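Numbering (mature numbering (1 follows the signal peptide of the UniProt record, and there is no 0)), first residue to last: -16 to -1, 1 to 294.
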């Protein structure tokens, strides 16, 4: 289990949480906010701010608990976000000068601060991790990391004691607090329901098999094709892990094979919600407890077998 809280900084100022990209839209004629911050805890969006609303706002119901316990929370964090928005304008000018760019060269570009800014995490074994990273125009120009084993920070002349204390102490405390507020959602474990689908090509008889994983939480999942027990990448494709309306996620991967060799392949799935990894055979070797169906489509025949871990 990995529980993460990452705080975004725009050149040193607090913004939001976990896995965040900060985009600065420099062309006001585009109608989009030039300053955006989005917060994530363990992959779930829970905070949002942009230069149009100029408000730090909750994105999940469990954050209402924060306002009840700390009535000034939203006012305080909104003001911090506004201060950061103003400061980032000057910071951006400083970076332009540093990289010898003029306003005409950068006009209309999106500046991506690829850091998730400043981050900390708690691991199942009790160890902690953290980092502070800054980027400009799609390029990282500064990264500072905390080495988990010795518990020391990489040395850097620009990293100060205040930032170090924040990541090692304050950030961890807020992580624990947010996990407490949202534990019913953040700590839940929903195993994937896996569906195997086959398509036979009319032209050459080759088969494309798709392994779909539905309804899992948390977001992290390890799914791959194996051949004779080894990871196999040839003629494989995959999508991106994407959210469902109910807060769970879905993912897919496919492989194109000679049907004569289908017995050599498996879809291997690992997830925190599973008691043990799944190794699913391709269609033709029916899964125990699985159900099958067939649908004729233009250009080939699709057949499916599903596996519900419950």
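Built from N, CA and C at the ideal position, the CB exists for glycine as well.
Every value quoted in this text rests on a predicted model; they were computed, and no experiment measured them.
#1: Determine whether the beta carbon atoms of residue 220 and residue 249 lie at a separation below 8 Å.
#2: Please go through the stretch 203 to 259 and give each complete beta strand (DSSP E) segment of 3 or more residues, from N-terminal end onward.
#3: Would you mind sorting residue 92 into buried or exposed? The rule is 16 or more other CB atoms within 10 Å of its CB.
#4: Taking the alpha-carbon of residue 218 as reference, which of 260, 241, 153 has the nearest alpha-carbon?
#5: Just checking my contact of residue 199 with residue 168 at CB under 8 Å: how many whole Å lie between their CB atoms?
#6: Should residue 191 go down as buried or exposed, given a rule of 16 or more other Cβ atoms within 10 Å for buried?
#7: Among 186, 185, 201, 176, which one has its Cα closest to the Cα of residue 305?
#8: What is the rounded straight-line gap between the Cα of residue 179 and the Cα of residue 252?
#9: Given a threshold of 16 other Cβ atoms within 10 Å of its Cβ, counted over all protein chains shown, does residue 69 qualify as buried or as exposed?
#10: Helix, strand or coil for residue 22? Go by DSSP, reduced to three states.
#11: Return the residue from the list 254, 83, 155 that minimises the CA-CA distance to residue 115.
#12: Can you tell me which of 65, 202, 183 puts its alpha carbon nearest to the alpha carbon of residue 243?
#13: Just to confirm the assignment, what range does the alpha helix (DSSP H) spanning residue 59 have?
#14: How far does the alpha helix (DSSP H) with residue 156 in it extend, from its first residue to its last?
#15: Tell me whether residue 50 sits in a helix, a strand or coil according to DSSP, three-state version.
#16: What's the gap between the Cα of residue 60 and the Cα of residue 235?
#17: Skipping 5 residues on each side, what residues in its chain have a beta carbon closer than 6 Å to that of residue 46?
#18: Using the beta-carbon count (16 or more within 10 Å), is residue 186 buried or exposed?
Reading it off the structure:
#1: no
#2: 206 to 211, 220 to 222, 233 to 241, 249 to 254
#3: Its pLDDT being 49, under 50, residue 92 is placed unreliably by the model, and the measurement read from it follows with that caveat. Flag for residue 92 reads exposed.
#4: 241
#5: Contact doesn't hold; Cβ gap of about 17 Å is too wide.
#6: Burial call: buried.
#7: In the structure as shown, the chain begins at -16 and stops at 294. Residue 305 is therefore absent and cannot be evaluated.
#8: Distance from the CA of residue 179 to the CA of residue 252, rounded to the nearest whole angstrom, comes to 12 Å.
#9: Counting other Cβ atoms within 10 Å of its Cβ, residue 69 reaches 16 or more and is therefore classed as buried.
#10: strand
#11: 155
#12: 183
#13: Start and end: 57 to 82.
#14: The continuous alpha helix (DSSP H) containing residue 156 extends over residues 155 to 165.
#15: Taken through DSSP and simplified to helix, strand or coil, residue 50 comes out as helix.
#16: 38 Å
#17: Annotation for residue 46: 165, 166 place their beta carbon closer than 6 Å to its own, counting only its chain and skipping 5 residues before and after.
#18: exposed
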